[in-house]
Every structure is written in C-alpha cells, then in structure tokens.
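A short worksheet on the structure shown next.
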Amino acid sequence: MYQQNKTEALDFLRQNMNHVKLGNSRHFTWVYISTNQPINTIGLRTDYKPFEGTVIAADARFVAFRLGRKAAFNVMDRGCLPSVTPYAVDEKLLVTPYAHKDFDGRRLDEPTEEIGEHGCIVRTIIIGLTNVKIPLPTVPESFFIKEIVEQLESVTTDHGLRTAAQVLADAGAGAEPVQFLDDDEAARPWMQFAIRTDKLHGYLKITLDRALDYYEISTTNTDGETVEECKEVDFTSLAEVIQEMVDDGNWRIAEVKVLKRAA
10 MYQQNKTEAL DFLRQNMNHV KLGNSRHFTW VYISTNQPIN TIGLRTDYKP FEGTVIAADA
70 RFVAFRLGRK AAFNVMDRGC LPSVTPYAVD EKLLVTPYAH KDFDGRRLDE PTEEIGEHGC
130 IVRTIIIGLT NVKIPLPTVP ESFFIKEIVE QLESVTTDHG LRTAAQVLAD AGAGAEPVQF
190 LDDDEAARPW MQFAIRTDKL HGYLKITLDR ALDYYEISTT NTDGETVEEC KEVDFTSLAE
250 VIQEMVDDGN WRIAEVKVLK RAA
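In the numbering used here, the protein residues as written are 10 to 272.
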C-alpha cells in the first residue's frame, strides 16, 4: 500500500509541475511524507525534518510543496496534515511532520550537549532513531517492574512505527511522574501513566498478574472513575491494546504554520 501511494504521489507531483519554473534544472528531487518512517542512506530509521515550502498543488489526497527556489519538492499525504488549513496555491508554510519524541517533548534525534572532562562540551549527533526510554523517578528494584518497562520499550504497533512507550509519550504521559509498585513480593505489580489526549484525560494503569502471566490494563478519568478495562493481555498485544485505549490519532498530524498567505 505504501509503495502504491508513493507512486500515486509522484504522478500527482508530475501532473502539477507544468507551471513551476525550474530554470536550467533538468531533474528534480522529491520526498513523499506519510506516516511511514523514512530510512536514511545507511539503512537506519529516521524522522522527517521540519521544512518551509510553497504549495504548488493540493487535492483530497496529497499536497505538493516546493522547497525554496530549488528543484526540490515534498509531497505529503493529506491524512498527515490538519484539515483546517486550505493549502492554497502559492501559500508558504512551515510544516513540522510527526517525529518520535521523549516524554519531555524533545525529539529523539535532537543533538545533545553535556559538559565532559576539563569543561569540554561534548555534542552527540544522532544518525538513527533509538526507542524512547520511560523516565522513572527512581531506579526500580523489582524484577517485574523492570520486565514491564523492558516490554513497554520494545513491543510495537503501527506496523513497527511506535513502541508502547512511544504511544504513551505521544499521549502526554510526561505530564506527571510515572508511578509504580516497587515490591518483588507483590502478586500484582503495576505501573501508572498520566494520559492527556482527546480520547482520555486521566490515567492508564498496567498491572501484571504474575499467576497467569497476563497483563490487565485499565483507564480512569481524573476523578478516579473507571473508563475501560482490558484483562488477559499478553505482551505481544500490549502496544495495540494501549493504543486502542488512549490514542486519539492527533500525534500523526503535522504542525502547520502559515508564513505567507497566497495573493
């Protein structure tokens, strides 16, 4: 399906390039932006970067942008863009597609800096994505809590696009510290995350039933009232169940800012 959509996006771009002046350029470059994760030149997963572009065409499925005056274009799947923007031809926009972010809202591929030995600044450049880590207020001693964390950080949904931990990060779980029962003797160890989406404003609790080796997942609103419960969840479906209970789909929508209105 992705390859078919990409082919149709290229056809759409070519059909709408007649009025674009490319100067002496005989060739053009282009990128198709959808919810599929791009792969860089060395085969690592990456995220799309923000870009400034001028709309050259738009229909119900795609919006095509020209990047500056170069023979370079981006074509975006309309499902990744806000529906409130008209995308008029010649409108200049700043578009920030979805990117994997930490619980604090920082992009995972954002360079980091820290002070090294002798006061030197060490700058780390990320050339491929790593999975988001759950920020725990304390280091857990419980084997079972560590196991829950490991599984949340590794099991995936959205055809491998996001881990369960990423689903939680995208659902606003960084709004409050993660809570957990750090007791190796507990028959039902648990973790609780804040959720701030249009689908749920409250909390999601993950409980491990050690006797059955299954998870129970429940959501509550801010008044403590149960919204939904799902029992006997195995680790392979953990990400999908969490997504169904908290995800409003807004994470996939790019941020769009109008830089210049069409004449």
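Virtual Cβ for every residue (Gly too), placed ideally from N, Cα, C.
- Taking C-beta atoms under 8 Å as the contact rule, Phe71 and Asp86 qualify, at a distance of about 7 Å.
- In the assembly as shown, Phe112 is a buried residue. Its beta-carbon has 16 or more other beta-carbons within 10 Å.
- Secondary structure at Ala248: helix, using DSSP grouped into helix, strand and coil.
- Here DSSP, grouped into helix, strand and coil, assigns Gln201 to strand.
- Counting only residues of its own chain and dropping the five nearest sequence neighbours on each side, Ala203 has a CB closer than 7 Å to the CB of Gly181, Ala182, Ala184, Glu185, Tyr212.
- Inside the stretch 207-257, DSSP marks whole alpha helix (DSSP H) runs of 4 or more residues at positions 247-255, from first to last along the chain.
- Under the three-pair Cβ rule at 8 Å, the stretch 47-62 does not count as touching the stretch 14-30.
- By the beta-carbon neighbour count (other beta carbons within 10 angstroms, threshold 16), Gln201 is buried.
- Residue range 152-161 is occupied by the alpha helix (DSSP H) that includes Lys155.
- About 5 Å separates the beta carbon of Gln160 from that of Phe244, a gap short enough to meet the 8 Å contact definition.
- Distances from the CA of Ala178 to each of Ala195, Leu145, Leu190, Ser151 were compared; the closest alpha carbon is that of Leu145.
- One alpha carbon belongs to Lys208, the other to Val176, and they sit about 13 Å apart.
- Linking Ile251 to Leu221 through their CA atoms gives a straight-line distance of about 19 Å.
- Counted as a single uninterrupted DSSP element, the alpha helix (DSSP H) harbouring Ala174 occupies residues 173-179.
- Take the alpha-carbon of Glu241 and the one of Val131: they are about 46 Å apart.
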